[in-house]
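Q:
In this note's numbering, the protein residues as written are 82 to 237.
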């Protein structure tokens with residue numbers, strides 16, 4: 082999934098490396114460190130730009146999230162709901178400022194590390210799904226909540 086943030090990060094890293102080289106600061110210790118850090122960050126952002134390196138797949142048992150740096154499996158039985166998390170702070174910005182958050186059921190919430198719950202508490206969720214290109218987050222939230230409702234009604 083190519084995202085704007087990784088493109089912006091890659092651009093910023095390349096600009097930083099270019100400035101260090103253009104200003105002739107490669108002889109200075111701080112210039113070498115800055116160029117090294119920018120190069121490392123640029124490699125991370127480049128990996129995120131490769132098509133097919135990140136994906137979300139839905140199956141009858143849950144959601145699998147695969148990315149270059151982590152893997153996660155969310156079982157349907159451990160999820161209570163999906164919510165729309167607005168990072169725009171109420172400022173009009175459209176779907177690019179929104180992400181999909183998920184809420185755990187009671188059992189999974191008790192098993193989740195306290196630090197993880199504290200990190201996501203201000204957002205009103207227990208975790209975030211990666212951005213999904215080509216699908217509006219509000220539509221995806223409705224779809225995922227529909228799947229949860231259908232699974233729960235099928236159990237009864």
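The beta-carbon is built from N, C-alpha and C at its ideal position, and this holds for glycine as well. Since we're looking at a predicted model, the values are computed, not measured.
Is the segment 212-226 close to the segment 184-202, with three or more CB pairs under 8 angstroms?
A: no
Q: Bridge partners for residue 162 per DSSP, in chain order?
A: 184
Q: Between 224, 88, 186 and 195, which has its C-alpha nearest residue 131's C-alpha?
A: Comparing Cα-Cα distances from residue 131 to each of 224, 88, 186 and 195, the minimum goes to 88.
Q: Starting from residue 197, follow the alpha helix (DSSP H) in both directions and report where the run begins and ends.
A: 195-201
Q: Run through DSSP, which three-state label would residue 94 get?
A: helix
Q: First and last residue of the alpha helix (DSSP H) that includes residue 129?
A: Where residue 129 is concerned, the enclosing alpha helix (DSSP H) stretches over 110-130.
Q: By the 10 Å Cβ neighbour count, where 16 or more other Cβ atoms means buried, how is residue 220 classified, buried or exposed?
A: exposed
Q: Give the DSSP-derived three-state secondary structure of residue 99 in the structure shown.
A: helix
Q: May I have the straight-line CA-CA distance separating residue 135 from residue 184, to the nearest angstrom?
A: 22 angstroms
Q: What does the alpha-carbon distance come out to for the pair residue 162 and residue 179?
A: 16 angstroms
Q: So who's on the other strand from residue 153, going by DSSP bridges?
A: 146
Q: Do residue 169 and residue 156 have their beta-carbon atoms positioned less than 8 angstroms apart in this structure?
A: no
Q: Helix, strand or coil for residue 169 per DSSP?
A: coil
Q: Give me the Cα-Cα distance between residue 233 and residue 140, rounded to the nearest whole angstrom.
A: Computed Cα separation, rounded: 15 angstroms.
Q: Nearest by alpha-carbon distance to residue 115: which of 98, 129, 146 and 127 is it?
A: A check of alpha carbon separations from residue 115 across 98, 129, 146 and 127 identifies 98 as the nearest.
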